[in-house]
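Have a look at the structure below, then the notes.
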Amino acid sequence: MSDFRYAQFCPLARAAEIVGERWTLLILRELLIGPKRFSDFQAPLAGVSSSVLADRLGKLTQRGVVRRRELPPPAAASVYELTESGQGLLPAILELARWGARQLGVPEPGDHIEPAWLKLGMLTIARHSPTPARTFRLTAVVGDREASVRVRGGPAGTVVLDEDGEAEATLRADLFTLLAVASGWMAVEQAVASGMLSVAGDPDAMIDFSALFEMDPPTPENPASPENPQGA
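For the sequence shown, the numbering used here assigns the number -1 to the initial residue and increments by one for each residue that follows.
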């Protein structure tokens, strides 16, 4: 487990030493979604070898960013989770994801998509100023797999919650469509009419749905969107 160092007395260099190696940010993405067993990383990190994964987790553990915890019976499993220091990376990772979203465009053929990434997507675009006091359940579907979260507006802005609990309306679609509708790139009516989105619940609540989120438009260099999928 060799050290990755720039040998510079600089906070940015130190941060890059900790999170800048290949796969490390994506490992942190998965742990921000929730604790994971070693085997749980294999599907969302398709392409990473077991040895590289073990190396990155070991380094993050040494740095105090990640810890390993034993679950009690009946689970009787070992999971990796973020420490308090690791949780402190959340604002930086969300800002980086927000910047990346402006470069992202639409999914390309062969792109891997996990329904569980819905949580990080909603955290990335949640509005932090006052939002309508509405609660929605969103379910992202990828093949025969799905993941759900709830989003709730209020005076402090939008919060992302676990899926359990009441919701005024439920939206169900693939991950890209949910993000496109929430960010305002695609109108709810358009997504429903095209069969890409199903909505159940209070139609009045849906009027306020997009107000719970904020997302900068794509950059001029990469202005892809559902209406302009190839960019300019």
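Ideal Cβ positions, reconstructed from N, Cα and C, are used throughout, including at glycine.
Coarse secondary structure for residue i, derived from DSSP in three states
i	result
R35	coil
L195	strand
T168	strand
S48	helix
H2	Sequence inspection shows Phe at residue 2; the His mentioned does not correspond to that position. The answer is coil: DSSP assigns F2 none of H, G, I, E or B.
E68	strand
F7	coil
A14	helix
M213	coil
L87	coil
I25	helix
G98	helix
V190	helix
R54	helix
Q40	coil
E278	Given that the chain is displayed from residue -1 to residue 230, the structure contains no residue 278 and the question cannot be resolved.
E93	helix
Where the beta strand (DSSP E) containing residue i begins and where it ends
i	result
S76	S76 to L80
N-terminal and C-terminal residue of the alpha helix (DSSP H) that residue i is part of
i	result
P201	P201 to M204
S181	L173 to S181
Pick from the options that is closest to residue i, judged by C-alpha positions
i	options	result
R100	L195, L121 and S181	S181
R135	T122, R143 and D160	D160
L121	T22, G151 and S47	G151
S76	P33, H110 and V46	P33
W183	S196, G108, A203 and E212	E212
A95	A124, V190, S49 and L195	A124
R54	D172, P201, E15 and F207	E15
T22	D109, D172, G141 and V46	V46
R234	A191, V139, E187 and A185	Examination of residue 234 is not possible in this model, given that the chain is present from -1 through 230 alone.
S196	D162, A167 and A209	A167
D142	D162, E112, G163 and F39	E112
P105	D172, G18 and F207	D172
I205	L58, A185 and A74	A185
G163	E187, T133, P72 and P201	T133
* Starting from the N-terminal side, write out each stretch of the beta strand (DSSP E) that is 3 residues or longer and does not extend beyond the segment 114 to 164. => 133 to 140, 143 to 150 and 157 to 159
* Asked: Using 8 Å as the Cβ pair cut-off and three pairs as the minimum, do the segment 167 to 181 and the segment 114 to 129 touch?
  -> yes
* **Inter-stretch contact (C-beta, 8 Å, three-pair minimum) for the segment 1 to 16 and the segment 74 to 85** => no
* **Touch test, the segment 61 to 71 against the segment 143 to 157, Cβ-Cβ under 8 Å, three pairs minimum** => no
* To do: Determine, using beta-carbon pairs with one atom in the segment 125 to 133 and one in the segment 150 to 160, whether at least three such pairs fall under 8 Å.
  => yes
* To do: Determine contact between the segment 26 to 33 and the segment 83 to 93, defined as no fewer than three beta-carbon pairs at a distance below 8 Å.
  => yes
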